[in-house]
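*Asks:* Residue numbers 120 to 504, in the numbering used here, belong to the letters of the sequence shown in order.
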Amino acid sequence: MSSKTVLILGGGVGGLVASNVLREKLGAQTTIRLVERKRQFQFPPSYPWLMLGQRKPEQVQKDLGLLKKKGIEVVNDEVESIDIDRKVVKGKENDDLSYDYLIIALGAEYAPDAIPGFKEHAHHIYDLDSAVRFKEAVEKFEGGTIAVGVSRTPFKCPAAPYETALLLEDYYSKKGMRDRVKFEFFTPEGSPVPSVGPEIGSKVAEFLKSKNISYHPKLKVTEIRDGEARFENGESISFDLLFCVPPHKASKPVVDAKLTDETGWIPVNPRTLETKHNGIYAVGDVTSLPTPNGYVPLLPKAGVFAHGQAEVVANNISVQIKGRGKMKEWDGHGSCFLEVGHGESAFVKGRFLAEPKPEIEFHMPERVWHMQKVLFEKYWMRHWF
Numbered sequence: 120m121s122s123k124t125v126l127i128l129g130g131g132v133g134g135l136v137a138s139n140v141l142r143e144k145l146g147a148q149t150t151i152r153l154v155e156r157k158r159q160f161q162f163p164p165s166y167p168w169l170m171l172g173q174r175k176p177e178q179v180q181k182d183l184g185l186l187k188k189k190g191i192e193v194v195n196d197e198v199e200s201i202d203i204d205r206k207v208v209k210g211k212e213n214d215d216l217s218y219d220y221l222i223i224a225l226g227a228e229y230a231p232d233a234i235p236g237f238k239e240h241a242h243h244i245y246d247l248d249s250a251v252r253f254k255e256a257v258e259k260f261e262g263g264t265i266a267v268g269v270s271r272t273p274f275k276c277p278a279a280p281y282e283t284a285l286l287l288e289d290y291y292s293k294k295g296m297r298d299r300v301k302f303e304f305f306t307p308e309g310s311p312v313p314s315v316g317p318e319i320g321s322k323v324a325e326f327l328k329s330k331n332i333s334y335h336p337k338l339k340v341t342e343i344r345d346g347e348a349r350f351e352n353g354e355s356i357s358f359d360l361l362f363c364v365p366p367h368k369a370s371k372p373v374v375d376a377k378l379t380d381e382t383g384w385i386p387v388n389p390r391t392l393e394t395k396h397n398g399i400y401a402v403g404d405v406t407s408l409p410t411p412n413g414y415v416p417l418l419p420k421a422g423v424f425a426h427g428q429a430e431v432v433a434n435n436i437s438v439q440i441k442g443r444g445k446m447k448e449w450d451g452h453g454s455c456f457l458e459v460g461h462g463e464s465a466f467v468k469g470r471f472l473a474e475p476k477p478e479i480e481f482h483m484p485e486r487v488w489h490m491q492k493v494l495f496e497k498y499w500m501r502h503w504f
C-alpha cells in the first residue's frame, strides 16, 4: 500500500468523525490531515443550555490539538482556495496542502448582512460567541415581547428555533416573569419542522400553542429595525428582544471552486457523498441532498447527518486505499432531540431517504429523552478526543 494523504476541511462534527474513523482504519503510512480555522471543537447541541446559563463556554468545547495524540495532523488555518486540477488546498498560512482524497466538511457560514438590520438588532445561538451574547441579553431581559424567528431556509438543526422558544418560555416561567413576557414566532416555513412531515409538525405547533407562543408561518423577513421585524407581505412584528436564525450560505472557497449548484450548496451522490469529482467528497451542512420522496425537496442540515455521512466516507476511502474491505452506503438515518422545558424532551428518529417516503418516528416529551441528550453530550465530548 503506497503512502496516501487524506485532507479533511473543517473540524466540526463531520470533520471530527471522518478524521477519527480514518485514523482508526488506516496505518501510519497514510497521512490524515484536518484543517480547521478554530483551535477548539465546539458542540452546538449544547448551545441552548448555554443560552439559559446551564452550561459554561468551556464545557461545550474541546481543544482540537488533542487529536494529535491519535496520529491526526491538525492544521490551524483558514481555507482560502481549492484547486481541484492540482489537488491542492491553499490556506492563509499554508500555500500547498496536497491530497489524494479530499473530504469537504466546511459546514455553513452565516450571512447576517443579507438582511438589513440583522446584525444590529438580532441575536442567535448558531456560534459560541453569539450564544454567549444572547445568554447575557436573556439574563438582562425584564419583560416585553420576545420574537423568535427563522430568516431563511435551509438552516442548521430544523428543530432549534422551536426548541429555543419553548426553553425561553420555561426559563421565564421559572423566574416568575411569564405574565410579563409575550412570545411571537415567525418563519417562512409553511409548518413547524416541515422535513419531518405534517403530522409531527402539527404536534410541534400544539407545543407552541399550549405555551401561549403565537405562531406565524409563511413570513419572510426583509428588514429588521430597532424593535420591529418587517416581512415581505407588508406585515410586521414588534419586539423587545429578538432571536432569529441567520441566513446560511456555503463558504467562499467552495463557491469559487465551482463545487456548488443552483441550490448554493455542493451536490453529492446521496449514498456515497462523492461529488462530481472523483476522490472528492462532501459531508454535512455544506451538501445539497435531494429527497425526491421526502416532505421537503432537500435533506435538512443537521449534525447527525454529518456524523453518519462522515463514517461512510471514511470507510470507503479506507477501502480504496487498502484495496480490501466492504464499501458502504449512507441510508439517510437521522435523529433529533426537541427540548420543551421542564426537564423534558421530545425525540425524532428515522430514515429520511427511505422509499416510498421517509420512515420517521416521533416520541412525545419525557424526562428520559432529556437525559439521553445529556448523556449524548458527555459521550461525544469524550469519545472523539
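Cβ atoms here follow ideal geometry from the backbone N, Cα and C, with glycine treated the same way.
Please read all numbers here as calculations on a predicted model, not as lab measurements.
Could you give the residue range of the alpha helix (DSSP H) that holds Phe495?
*Replies:* Your numbering for residue 495 matches position 376 in the sequence shown. Its alpha helix (DSSP H) spans residues 486-502.
*Asks:* Would you mind reading off the limits of the beta strand (DSSP E) that contains Gly134?
*Replies:* The sequence position of residue 134 within the sequence shown is 15, counting from 1. Here Gly134 belongs to no beta strand (DSSP E); instead the alpha helix (DSSP H) covers 132-144.
*Asks:* Quick check on the DSSP output: the beta strand (DSSP E) that includes Arg152 runs from which residue to which?
*Replies:* For this step, residue 152 is matched to residue 33 along the sequence shown. Segment 149-155, the beta strand (DSSP E) holding Arg152.
*Asks:* Hey, Pro176 and Gly422 are a contact pair by Cβ (cut 8 Å); roughly how many whole angstroms apart?
*Replies:* As a first step, residue 176 must be located in the sequence shown, where it is residue number 57. As a first step, residue 422 must be located in the sequence shown, where it is residue number 303. With a Cβ gap of about 19 Å, Pro176 and Gly422 do not count as contacting.
*Asks:* Who are the Cβ neighbours of Gly320 in its own chain at under 8 Å, not counting the five residues just before and after it?
*Replies:* Translated into positions along the sequence shown, residue 320 becomes position 201. The residues are Ser310, Pro311, Val312, Pro313.
*Asks:* Using a Cβ-Cβ cutoff of less than 6 Å, which residues in the same chain neighbour Glu228 once the five nearest sequence positions on both sides are dropped?
*Replies:* Taking the first residue of the sequence shown as position 1, residue 228 is located at position 109. For Glu228, where only same-chain residues beyond five positions count, the Cβ hits under 6 Å are Lys368, Ser370.
*Asks:* Tell me where the alpha helix (DSSP H) around Ala279 begins and ends.
*Replies:* Along the sequence shown, one-based indexing puts residue 279 at 160. Segment 279-293, the alpha helix (DSSP H) holding Ala279.
*Asks:* Consult DSSP for Gly268 and reduce its assignment to one of helix, strand or coil.
*Replies:* One-based indexing of the sequence shown puts residue 268 at position 149. Strand.
*Asks:* Are the Cβ atoms of Pro366 and Ile234 separated by less than 8 Å?
*Replies:* Taking the sequence shown and counting its residues from 1, the one referred to as residue 366 is at position 247. Taking the sequence shown and counting its residues from 1, the one referred to as residue 234 is at position 115. Yes, they are a contact pair.
*Asks:* Within its chain, find whatever has a CB closer than 7 Å to the CB of Arg278; leave out the 5 residues flanking it on each side and keep chain order.
*Replies:* As a first step, residue 278 must be located in the sequence shown, where it is residue number 159. The amino acid occupying residue 278 in the given sequence is Ala; Arg does not appear at that position. These residues qualify, in order along the chain: Val312, Cys455, Leu457.
*Asks:* Apart from the five residues on each side of it in sequence, which residues of its chain come closer than 7 Å, Cβ to Cβ, to Met296?
*Replies:* In the sequence shown, residue 296 corresponds to position 177, counting from 1. If we look at Met296 and ignore the five residues flanking it on each side, its Cβ neighbours are Gly262.
*Asks:* Start and end of the alpha helix (DSSP H) containing Phe253?
*Replies:* The residue labelled residue 253 in the question sits at position 134 within the sequence shown. Taken as a continuous stretch (DSSP letters only), the alpha helix (DSSP H) holding Phe253 covers 247-259.
*Asks:* Bridge partners for Tyr334 per DSSP, in chain order?
*Replies:* Counted from its first residue, the sequence shown places residue 334 at position 215. Answer is Phe304.
*Asks:* Give the list of continuous alpha helix (DSSP H) stretches no shorter than 4 residues that lie fully inside the segment 164-191.
*Replies:* Unbroken alpha helix (DSSP H) stretches of 4 residues or longer found wholly inside the segment 164-191: 166-170, given in chain order.
*Asks:* In the DSSP output, what is Ser464 paired with across the bridge?
*Replies:* Within the sequence shown, the letter at position 345 stands for residue 464. Looking at the DSSP assignment, Ser464 forms a beta bridge with Glu458, Glu485.
*Asks:* Taking Thr391 and Asn352 to be in contact with their CB atoms under 8 Å, please state how far apart those CB atoms are, rounded to whole angstroms.
*Replies:* As a position in the sequence shown, residue 391 is number 272, starting the count at 1. As a position in the sequence shown, residue 352 is number 233, starting the count at 1. Not confirmed; about 42 Å, so no contact.
*Asks:* Expressed to the nearest angstrom, what Euclidean distance is found between the alpha-carbon atoms of Leu287 and Phe358?
*Replies:* In the sequence shown, counting from the first residue as 1, residue 287 sits at position 168. In the sequence shown, counting from the first residue as 1, residue 358 sits at position 239. So the two alpha carbons sit approximately 15 Å from each other.
*Asks:* Can you tell me whether Lys123 is helix, strand or coil according to DSSP?
*Replies:* Sequence index remark: in the sequence shown, residue 123 carries index 4 (1-based). Of the three classes helix, strand and coil, the one that applies to Lys123 here is strand, per DSSP.
*Asks:* Taking the alpha carbon of Val194 as the reference point, which residue from Ala230, Ile151, Asp219, Asp380 has its own alpha carbon closest?
*Replies:* Residue mapping note: residue 194 aligns to position 75 of the sequence shown, counting from 1. Ranking Ala230, Ile151, Asp219, Asp380 by Cα distance to Val194 puts Ile151 first.
*Asks:* Hey, would you say Val125 sits closer than 8 Å to Tyr220, going by beta carbons?
*Replies:* Here residue 125 is taken as the residue at index 6 of the sequence shown, counted from 1. Here residue 220 is taken as the residue at index 101 of the sequence shown, counted from 1. Yes, these two residues count as a Cβ contact at 8 Å.
*Asks:* Can at least three beta-carbon pairs, one atom from the segment 210-219 and one from the segment 342-349, be found at a separation below 8 Å?
*Replies:* Contact between the segment 210-219 and the segment 342-349 is absent: fewer than 3 CB-CB pairs across the two stretches fall below 8 Å.
*Asks:* Can you list, in chain order, the residues of its chain whose CB lies under 8 Å from that of Ala230, leaving out five sequence neighbours each side?
*Replies:* Locating residue 230 in the sequence shown gives position 111, where the first residue counts as 1. Around Ala230: Pro365, Pro366, His367, Lys368.
*Asks:* Roughly how many angstroms lie between the CA atoms of Lys301 and Thr341, to the nearest whole one?
*Replies:* Reading the sequence shown from its first residue, position 182 is the one you call residue 301. Reading the sequence shown from its first residue, position 222 is the one you call residue 341. Looking at the two C-alpha atoms, the distance is approximately 22 Å.
*Asks:* So within the segment 368-426, which uninterrupted alpha helix (DSSP H) runs reach at least 4 residues, ignoring any that extend past its ends?
*Replies:* 371-375
*Asks:* Within the continuous alpha helix (DSSP H) that includes Glu342, where are the two ends?
*Replies:* Locating residue 342 in the sequence shown gives position 223, counting from the first residue. Careful: Glu342 lies outside any alpha helix (DSSP H), inside the beta strand (DSSP E) at 340-344.
*Asks:* With distance defined between alpha-carbon atoms, name the residue in Asn397, Gly413, Lys293 nearest to Ala473.
*Replies:* Locating residue 473 in the sequence shown gives position 354, where the first residue counts as 1. Among Asn397, Gly413, Lys293, the Cα nearest to that of Ala473 belongs to Gly413.
*Asks:* Could you pull out every residue in the same chain whose Cβ sits closer than 7 Å to the Cβ of Ala284, ignoring the five residues on either side in sequence?
*Replies:* The count along the sequence shown starts at 1 and reaches residue 284 at position 165. Excluding residues within five positions, the ones whose Cβ falls inside 7 Å are Val267, Phe302, Phe304, Leu327, Ile332.
*Asks:* Straight-line CA distance for Tyr218 to Ser270?
*Replies:* As a first step, residue 218 is located in the sequence shown; it is residue number 99 there, counting from the start. As a first step, residue 270 is located in the sequence shown; it is residue number 151 there, counting from the start. One C-alpha to the other measures close to 37 Å.
*Asks:* Between the segment 437-453 and the segment 131-147, do at least 3 Cβ pairs fall closer than 8 Å?
*Replies:* yes
*Asks:* Tell me the rounded alpha-carbon separation between Leu247 and Lys238.
*Replies:* For the purposes of this step, residue 247 is taken as residue 128 along the sequence shown, with counting starting at 1. For the purposes of this step, residue 238 is taken as residue 119 along the sequence shown, with counting starting at 1. For Leu247 and Lys238, the distance between alpha carbons rounds to 16 Å.
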